[in-house]
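Q: Please find one structure pasted underneath; my questions will follow.
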Amino acid sequence: MDFAAVLLAAGASRRLGQPKQLLRRDGESLLRRGARLALASGAARTVVVLGARAERLGAELDGLAAQSVLNPDWQDGMASSLATAARALAGFDGAVLVLACDQPALELAHLLALRDGAAAAGCAATEHAGALGVPALISAQLWREATGVRGDRGFGAALAQAPDGAVWRLLAPELELDLDTPADVDAAIARGWLDPL
């Protein structure tokens, strides 16, 4: 299956009070780890969308075969990052794996399962308390709509409205923990998904 990968890493981590992209797991920043896992998934291209602190964060990607792009409108929410990625991938006509760098439990096995699931169903997404979210492998047709989403929205609504059997679901409760608050960081450290601060 021909697909690209997009790592969303543009946010300012305001509620957390520190850049979540620079939190570490096994000595590696979550930003670099996310890009490395995206590359290892078999993606034909990997695009990392940066915004807040772009210059500082970009150094974390040194030596990786990932393309970093700047979302100048990062404060407008996730949709602006998806639109930025869509522009960077102009001309690419395959599916797109979308992932975020703030899921500390993310493993390569999750991404490979999504890849295999999408090969059969067309799309694949991670189930979060009944809703569909990232990481997700979006069909080429749905990805073309990326420039039309607005605000802090992704593809969840479109995936939820897809016909039965059109979206393979990854059941991975560990991916429900993302890093928005200091309590989330404490929980991830307790589970061994983040290095102690």
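If you count by the numbering used here, then the sequence shown holds residues 49 to 245, one letter each, in order.
C-beta: ideal position from N, C-alpha, C; glycine also.
As the structure is a computational prediction, the values presented were derived from the model and not from experiment.
1. Taking residue 206 as the reference, give the member of 157, 111, 180 with the closest Cα.
2. How about the stretch 219 to 238 and the stretch 53 to 69: do they share at least three Cβ pairs that are nearer than 8 Å?
3. For the pair the stretch 85 to 97 and the stretch 144 to 157, tell me if three or more CB-CB distances fall below 8 Å.
4. Residues in the same chain with beta-carbon distance under 7 Å from residue 168, minus the five sequence neighbours each way, listed in chain order, please.
5. Nearest CA to the CA of residue 110: which residue from 80, 124, 56?
6. Tell me the residue span of the beta strand (DSSP E) that contains residue 116.
7. Given 8 Å as the limit, tell me if residue 178 has its C-beta closer than that to any heavy atom belonging to the ligand NAP.
8. Name the two residues that bound the continuous alpha helix (DSSP H) containing residue 172.
9. Do you know how far the Cα of residue 178 is from the Cα of residue 112?
10. Look at residue 83 and residue 118 and say whether their C-beta atoms are less than 9 Å apart.
11. Can you tell me which of 242, 101, 210 puts its alpha carbon nearest to the alpha carbon of residue 122?
A: Straight from the coordinates:
1. Translated into the one-based positions of the sequence shown, residue 206 becomes position 158. Among 157, 111, 180, the Cα nearest to that of residue 206 is on 180.
2. yes
3. Yes, since at least three Cβ pairs between the stretch 85 to 97 and the stretch 144 to 157 fall closer than 8 Å, the two stretches touch.
4. As a first step, residue 168 must be located in the sequence shown, where it is residue number 120. The answer, listed in chain order, is 216.
5. The sequence position of residue 110 within the sequence shown is 62, counting from 1. That would be 80, whose Cα lies nearest to the Cα of residue 110.
6. Here residue 116 corresponds to residue number 68 of the sequence shown, with the count starting at 1. Residues 115 to 118.
7. Ligands in the displayed structure: none, and consequently the ligand NAP is not present.
8. In the sequence shown, the residue the question calls residue 172 occupies position 124. That residue, residue 172, is in no alpha helix (DSSP H); its beta strand (DSSP E) goes 171 to 176.
9. For the purposes of this step, residue 112 is taken as residue 64 along the sequence shown, with counting starting at 1. For the purposes of this step, residue 178 is taken as residue 130 along the sequence shown, with counting starting at 1. Approximately 35 Å between the Cα atoms of the pair.
10. Residue 83 sits at position 35 when you count from the first residue of the sequence shown. Residue 118 sits at position 70 when you count from the first residue of the sequence shown. Taking 9 Å as the Cβ cut-off, residue 83 and residue 118 do not qualify as a contacting pair.
11. Here residue 122 is taken as the residue at index 74 of the sequence shown, counted from 1. Nearest of 242, 101, 210 to residue 122, Cα basis: 101.
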